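Residue numbers (our numbering), protein chains in the order written: chain A, 1 to 316; chain B, 1001 to 1102; chain C, 2001 to 2499; chain D, 3001 to 3098; chain E, 4001 to 4491. Single-structure report; data block below.
Structure, rendered in structure tokens:
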């Protein structure tokens, strides 16, 4: 047993220090491309940390969104950035004088000590709200506690979350969309690769969605896997048709939020409480919400990656 | 289960590291990276300390919060990257013109 | 009872409503605007007369509206406020007539008359304020609505003058605010009451109260043009003549002086103020202002500037009378509120006539003006004699009571101030009168506008003649029951003998 | 520990060695093509050994099947991606180390 | 009908309405202007309904999902929240009427949905009783605000939106870290529950510091105000109005709420610091405003200064926190009305002359009298001259400062008022003058002039309604955690 404990500690120590080291290298490496690659590795290590912390739901979300999609977004942005900026300026240009940076370091070191102490004195054993969650899990309509919190106990947060996603799209579109990414010649292998992988992605998303009620997984994870499928499609050169970019796209982007609102109004009318599902229907409602939210999340993520405005005239 | 605390401390460290880079580096892409790392640090604190339940399953509420937070982070990152590209498209540089910190 | 609540409000509204309607009128609706102006002015006179009658017979007019938590806006008509209201209603009517003539054909008259009416509104509010917060509200309002009048011409010089005006008045208002809040934090009330609101306070507060007195007087002293806070007044001369008339005789300067009277009588109480030892310094300040203003007036060649410095000097008679702290001196000071108004407005109307008709702005250009404009210059002469204190013009009555009051209060040095100032007044007015009547006119005037066989337009001539006659009448019939003097005696009785 | 456990341990250690070798190669090899070679060794063979080790411990056929699927997926993905990387490197004109 | 109106759950409706409206605008861009205006008007009515319920039955609480805090999320509104909701609805309506004529069709398509989402976020924020839910609403507010800032696509707007976004995200993350610490210290994110459990220890102090710093950054408290002037100056006029009037108030409200319910008892040192920074903000912001040569930057720096006034309530709150909250809310409302009117007026002047250089206003008084009146009336409130909301607020603040012998704060307020008069009249003085080279002017739609004027008149009238308003924010209606649960009322 002791060996295991020591190994666990060693693993945690390596992981923790690795995280800090990777973060530092990400922020400090002179080459931006390297920085992004390091950031993606950082994300994968974070996923590992989530697993160590018994948070498989987050590990899935982190791997798919935190490392995967954010990484793709960053790389795509870098590629576009290189077409617009002059490369003469060093990417590492520090802001502010050395004195200011020194002052900052002193300040932050002080904060670090304070923050560390603040964390350290917390009681070493507490259950938070887990008792309350467990007690109400049976009537929540989901057996995975995280899903129960996300879609039921704190479903209102998730409803607003759908609007956050929508706002990101609105923000990018209102800027007139992004310049198209530099064209690359089509690659046969990539094409085949996508053709094979996309059904797998869809299958995986469906599985994550379905299993989410009982085990790690759910709308956000499924949505991000589906979104990744979309990204892959876009990478291999596929573009949605103009007609698809209008109404169907807008509907897909909002369907999650719309479902939340409709369910909200219905529950308000029949249960007098916003998003209070009747116990008998709770499971079904959660599945409905999750499936439609998955569609919105997936489409939103793919659109964020595409970054182009739906209106052809908008491309300045 | 005090390795929960160790992870929480790492999280605090990541937050401050990101904050330092956010202020100290001018390049916008680096600032965006810094924000993401700050976010990861905060998430780590939230989730690590949720594991102080002894042998029982960790507290699921912070887990749900972090999933929410990750989605916010990716949305904000996408918007920030788009803005950065627009700024650099107009100025040819991915830094903020004229620091208004005076 | 029902009428008594609304009357003070109606007095304020009688100027406010025409003003607001005039803002909305298009520029070319001259007739409508004139009718509105005159209707407002006449209705105000009628309402004032009604209230005078009532107050004389012991009625109370008071209106209260909730304003701040535990602080009301109060409009109340007592004998002092009616004195000021009566003056302002009368002079508003005359100034309006004058302004209609003066601004004929010039641009932006809607704006001008709108703000003009608002200016009178604020003055009425100042006059009718029943507590310090209400006073403060209307006092600041007065600052705001006179600014557009000062910068009315829209030139760079006007903008500068406006800026100077604001620097002084807004700083003054701020000091007043500070004093008011401080007072409120000590007393918890700001009502104007005979004998003041402070006599029951603990002695520990006395230093603070003295400081508050200084703040309030400094705040009010800016508008009352007490030295060294008078700097804005000569600069504001850039404004059109009716505005100067209004600023000097009715609204701004008077609001300051009136405020000093209120603060000394109804906030501190004259007895308490004397106990506190703040009246002496105030009297000295007033005396200094009187002499300084006169000295500066001597050196001015610009006629309106000379009159402005004269105002600095004359308004402080009011403060002096109040600060001497005796019933007789009070009569002299408070009655000067009316007398100075009548005389100074006459002088400004005449200065405006000279500028408008002959293009005269400087004293040295006035040679022989009496022959060209005999009526105007006759009115000017009456006003100037009044300022010097020549009997039987109203100014003499004021100085007489001030002198008596000083003797009664055994403040003998005041006599020297009065004599000195009268000599100085003579020294800066008599040479002007000599030029006007005994020197030959130049071959041609700077500008000459033709009014047929009249010396100038009716609307320009009538107001100064009327005000000159009124100034004469106030002196001649000083003991008649309708005279300002009698009314002021009533006020003094109520303050000093607690009637 | 049973015989399967020993077998698992051996397979895992073997897989670990491949990963280690692959990582060393990734860090030490001179150019992108050779590094890719090292990486694919780790992914394909190393992961294969580890999967094999884990399959021995699987509680059901279903779980074993899933593990196998994961391996196949990774094989496929790493093959495609290595190809894409190498191709891009060639297009960019990165010379092969000789 | 009467019964339905009386029993409808208006608190939820004021959140759902603009959400729905925003989605409608997104799905059918062609009708976005109409849908937007109808939605905002409906929100005003719904807030009125909520107000009536709160006046009759006391504080409002809605347990979302029926779980109840701390497991679920509660919505909660007392007099203070209601007051902020009223502010948002009324000012929002005024700005919407303005925006109707302001935007070209290309921008309108984006403005309306984002503005409605912003409105939903603000309403949700003022109704939130849960610090994590507040984080989500804060993020929504921030993203919407940044999007609106960048709407013109001009370079200054883009770079200030970028800076704004970075500041917003950093602030949110600091706040979220504070939330994390509080949750792990006390096991709840519900404010009322936290209030019962919270005890001053290092963790709570760290949370307090992080949350205050994050929120101060979002509220642009000096010296964290670097992002505000460029953002507010470069955004389109109605957006500047929204940002200055409402968005900065949102994070301020959270700070105030946390302070009232959680931190006031033990964190006096921090409140002194906040007051000090507020005082510095007044002086620095006013001086900067005085230096500006462009109207919009001047007005933006004025916002920095006016935010300072809001923070002066913290050091004065020790005597009576209920009253201090009332004063802060009142100041926030009067600033919202006045500052929105000013930005809208500035927008009119820009539309009219094609620029916002103060020295070239060129007889705007005659040519654009309603707009200049709006600017002047709003200016009266900003300067704190009577009668206006600004005056009443400043009076109350001065009274509190003097009663507690805080001469330093009183002096700062007085100086701030004088400087404000300086920069307001700087604009007005030039508005009377003729420019050296008169330039042609473009027509300004009447609706835009009237919207600005009505908001400005509102800022004046507010000064005459102080007693009614303080009855609304009366301490009985302001919840303090212990008693909050007893006054729970649901439809």
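We put the CB at the ideal spot given by N, CA and C, even for glycine. Given the structure is predicted, the values throughout are model-derived calculations rather than measurements.
Between the beta-carbon of residue 4123 of chain E and the beta-carbon of residue 4014 of chain E, is there less than 8 Å? In contact: residue 4123 of chain E and residue 4014 of chain E (Cβ atoms closer than 8 Å).
Give the straight-line distance between the Cα atoms of residue 104 of chain A and residue 4427 of chain E, rounded to the nearest whole angstrom. 39 Å
Here's the rule: buried if 16 or more other CB atoms are within 10 angstroms of the residue's CB, otherwise exposed. What is residue 4436 of chain E? exposed
Is the beta carbon of residue 4314 of chain E sitting closer than 8 Å to the one on residue 4331 of chain E? no
Considering only C-alpha positions, which residue in the set E:4289, E:4086, E:4121 and E:4153 is nearest to residue 4142 of chain E? E:4121
Any contact between the stretch 2348-2361 of chain C and the stretch 2320-2340 of chain C? By contact I mean 3 or more CB pairs, one from each, below 8 Å. No, the stretch 2348-2361 of chain C does not touch the stretch 2320-2340 of chain C.
Measuring CB to CB, does residue 4059 of chain E end up less than 8 Å from residue 4076 of chain E? yes
Segments of 4+ residues assigned as alpha helix (DSSP H) that fall wholly inside the stretch 70-130 of chain A: Taking 4 residues as the shortest admissible run, the stretch 70-130 of chain A contains the following complete alpha helix (DSSP H) segments, listed from N- to C-terminal end: 70-84 and 98-120.
Under 8 Å between C-beta atoms, does residue 4070 of chain E make it to chain A? yes
I need the DSSP call for residue 33 of chain A, collapsed to helix, strand or coil. helix
Rounded to whole angstroms, what is the Cα-Cα separation between residue 1069 of chain B and residue 158 of chain A? 10 Å
Looking at chain B, which residues of the stretch 240-271 of chain A have a Cβ within less than 8 Å of any of its Cβ atoms? none
Hey, residue 2411 of chain C and residue 2341 of chain C: beta-carbon distance below 8 Å or not? no
Of the choices A:310, A:289, A:23 and A:301, whose alpha-carbon is the least far from that of residue 1075 of chain B? A:301
Is there a Cβ of chain C sitting closer than 8 Å to that of residue 4357 of chain E, yes or no? no
Quick check on the burial criterion: 16 or more other C-beta atoms within 10 angstroms. Buried or exposed for residue 4460 of chain E? buried
Pull up the distance between the alpha-carbon of residue 4445 of chain E and that of residue 4054 of chain E, whole angstroms please. 39 Å
Leaving out five residues on either side along the sequence, give the residues of the same chain with a beta carbon under 6 Å from the beta carbon of residue 2213 of chain C. 2278
What does DSSP give as the partner residue(s) for residue 2108 of chain C in the beta ladder? DSSP output for residue 2108 of chain C lists no bridge partner at all.
Would the stretch 2009-2028 of chain C and the stretch 196-211 of chain A be scored as touching if the rule is three or more Cβ pairs under 8 Å? Judged by Cβ distances under 8 Å, the stretch 2009-2028 of chain C makes no contact with the stretch 196-211 of chain A, as fewer than three pairs qualify.
Whole angstroms is fine: what's the gap from residue 4284 of chain E's alpha carbon to residue 4297 of chain E's? 14 Å
For the beta strand (DSSP E) containing residue 2063 of chain C, name the first residue and the last one. 2061-2068
Contacts that residue 220 of chain A makes with chain D (C-beta to C-beta distance below 8 Å): Chain D residues near residue 220 of chain A: none, gap ~22 Å exceeds 8 Å.
Once DSSP output is grouped into helix, strand and coil, what is the label at residue 260 of chain A? helix
So which residues of chain D does residue 193 of chain A contact, with C-beta pairs closer than 7 Å? 3080
Please give me, in chain order, every unbroken run of the alpha helix (DSSP H) with length at least 4 that falls completely inside the stretch 4300-4352 of chain E. Fully enclosed alpha helix (DSSP H) runs of 4 or longer: 4313-4316.
Are the CB atoms of residue 2073 of chain C and residue 2067 of chain C nearer to each other than 8 Å? yes
What are the start and end residues of each continuous alpha helix (DSSP H) run of 4 or more residues lying completely inside the stretch 2142-2205 of chain C, in chain order? 2156-2187
Just checking: is the beta-carbon of residue 4478 of chain E within a distance shorter than 8 Å of some beta-carbon in chain B? Only weak support is given to the placement of residue 4478 of chain E: the predicted model assigns it a pLDDT of 46, under 50, and the question is left unresolved by the model.
Beta carbons nearer than 9 Å to chain E: which residues of the stretch 124-138 of chain A have them? 126, 127, 128, 129, 132, 133, 135 and 136
Give me the Cα-Cα distance between residue 4370 of chain E and residue 4360 of chain E, rounded to the nearest whole angstrom. Between residue 4370 of chain E and residue 4360 of chain E, the C-alpha separation is close to 18 Å.
Within its chain, find whatever has a CB closer than 6 Å to the CB of residue 4488 of chain E; leave out the 5 residues flanking it on each side and keep chain order. Only weak support is given to the placement of residue 4488 of chain E: the predicted model assigns it a pLDDT of 31, under 50, and the value that follows is read from those uncertain coordinates. Counting only Cβ-Cβ distances below 6 Å, and skipping sequence neighbours, we find 4061.
Residues, ordered as in the chain, of the stretch 4133-4147 of chain E that lie near chain A by beta-carbon distance below 8 Å: 4133, 4136, 4137, 4139, 4140, 4143, 4144, 4146 and 4147
Run through DSSP, which three-state label would residue 4098 of chain E get? helix
Name, please, each residue of chain A whose Cβ falls closer than 9 Å to the Cβ of residue 4083 of chain E. Neighbours of residue 4083 of chain E on chain A: none; closest Cβ ~23 Å, over 9 Å.
What's the call for residue 3093 of chain D, buried or exposed, on a 16-neighbour Cβ count within 10 Å? exposed
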